[in-house]
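Enquirer:
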Amino acid sequence: MTPMIFDHPLIQHKISLLRNKNTGSKEFRELVGEVSMLMCYEATRDLPLKEVEVETPIAMAKTKVIAGRKLAFVPILRAGIGMLEGVLSMVPAAKVGHIGLYRDHETLEPVRYYCKLPSDINEREVIVLDPMLATGGSAVEAIKMLKEAGATNIKFMCIIAAPEGLNALMDAHPDVQIYCAAKDDKLNEDKYIVPGLGDCGDRIFGTK
Ligand code: PRP
Ligand code: URA
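When you read off a place in the sequence shown, starting at 1, and then add 17, the result is the number in the numbering used here.
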């Protein structure tokens, strides 16, 4: 599936602020939340609707509500947590799973350390959250874990993606729709995204 890359001016403006190395943790966290909320608006565009009748102060109205499709958000720890509040503000009834992965600093391979998912994950549309898609190793592994748990309807939402990560994810999981807010130039020799925004987890949580 071709990745959907957002070009909305509000999103692009906020990404410029995220990229700036002088943006501090508090503002950075808020911006990650806001960009995620705006992306979620688009990523949920295909949710089915059903017609209901409500009584307005004036008359009866035939109107539409979301047709009870079950949704789960699954942030990849830790930086994915930064996206959670924004998407939950759009879909407060969604369930939340967590997948813990880190990139081994030497091999750069993803290492699993945690997985807790809603028990009915196989019945839910799943949106995986991780702000950074670099080599793609973490996203590929997280989606593998979700498929092992029975999930079949999976989307992946990131803020910045490298071409290498997009290709790796599309190759490994061609059934997964990818949403990203910016496609950057490349990876550097340490497998950081260029120009990117640095280490997203460290910038969200103020570590380093
Ligand atoms: C970052 C990021 C992704 C991963 C992307 O997490 O949040 O999960 O790297 O890189 P990849 O596409 O090459 O796998 P990191 O491993 O630094 O862990 P953290 O969120 O705990 O800081
Ligand atoms: N993880 C990050 O946080 N940033 C990168 O550029 C690559 C992986």
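The beta carbon of each residue, even a glycine, is placed where N, CA and C say it ideally should be.
Counting only the same chain and skipping the five closest in sequence on each side, list residues whose C-beta sits under 7 Å from that of GLY213.
Expert: Answer for GLY213: ILE177, ASP201, listed in chain order.
Enquirer: Would you mind giving the Cβ-Cβ distance between ARG129 and GLU158, rounded to the nearest angstrom? I have them listed as a contact below 8 Å.
Expert: Indeed, because the Cβ distance is near 7 Å, the residues count as touching under 8 Å.
Enquirer: Where CYS57 and ASP216 are concerned, what is the direct C-alpha to C-alpha distance, given to the nearest angstrom?
Expert: Going from the Cα of CYS57 to the Cα of ASP216 covers about 23 Å.
Enquirer: I'd like to know whether the C-beta atoms of LYS87 and GLU140 end up nearer to each other than 7 Å.
Expert: Going by C-beta atoms, LYS87 is nearer than 7 Å to GLU140.
Enquirer: Check the C-beta distance from GLY182 over to ARG95 and give it rounded, since I have them as a contact under 8 Å.
Expert: 18 Å between Cβ atoms; not a contact.
Enquirer: Taking the alpha-carbon positions, what's the LYS208 to ALA78 distance?
Expert: Computed Cα separation, rounded: 55 Å.
Enquirer: Closest to ARG62 by CA distance: which of VAL108, GLU70, MET100, PRO191 is it?
Expert: For ARG62, the nearest C-alpha among the options comes from VAL108.
Enquirer: Would LEU186 pass as a contact of SER155 if the rule is Cβ separation under 7 Å?
Expert: No, these two residues do not count as a Cβ contact at 7 Å.
Enquirer: Which of the three DSSP states is assigned to ARG46 in this structure?
Expert: ARG46 falls in the helix class under three-state DSSP.
Enquirer: For the ligand URA, enumerate in chain order all residues having a CB closer than 5 Å to any of its heavy atoms.
Expert: Output, sorted by chain position: MET149, ALA151, TYR209, ILE210, GLY213, ASP216, CYS217.
Enquirer: Secondary structure at ILE75, three-state DSSP: helix, strand or coil?
Expert: ILE75 falls in the coil class under three-state DSSP.
Enquirer: Spell out the partners DSSP gives CYS197 in its beta bridges.
Expert: Paired residue(s): ILE22, CYS175.
Enquirer: Give a yes or no on contact between the stretch 141-154 and the stretch 23-30, applying the rule of three or more CB pairs nearer than 8 Å.
Expert: Contact between the stretch 141-154 and the stretch 23-30 is absent, because fewer than three Cβ pairs lie under 8 Å.
Enquirer: Please report how far the alpha carbon of ILE221 lies from the alpha carbon of MET149, in whole angstroms.
Expert: Roughly 12 Å separates the two Cα atoms.
Enquirer: DSSP state of TYR58, grouped into three classes?
Expert: TYR58: helix per DSSP, three-state reduction.
Enquirer: Could one say the Cβ of ALA199 lies closer than 7 Å to chain D's Cβ atoms, at least one of them?
Expert: Absence of chain D from the displayed structure is noted, only one protein chain being present.
Enquirer: Any heavy atom of the ligand PRP within a distance shorter than 6 Å of the CB on ARG95?
Expert: ARG95: yes, Cβ under 6 Å from the ligand PRP.
Enquirer: Starting from ASN205, follow its DSSP beta bridges and name the residues at the other end.
Expert: Answer is none; ASN205 lacks a bridge partner.
Enquirer: Beta strand (DSSP E) containing ILE144: first to last residue?
Expert: Run containing ILE144: 142-146, per the beta strand (DSSP E) assignment.
Enquirer: Taking the alpha-carbon positions, what's the PRO92 to LEU105 distance?
Expert: Near 12 Å, if we compare the C-alpha coordinates of LEU105 and PRO92.
Enquirer: Go ahead and pull the three-state DSSP assignment for ARG129.
Expert: If DSSP states are grouped into helix, strand and coil, ARG129 belongs with the strands.
Enquirer: Measuring straight from C-alpha to C-alpha, what distance separates LEU101 and VAL71?
Expert: The straight-line gap from Cα to Cα measures roughly 31 Å.
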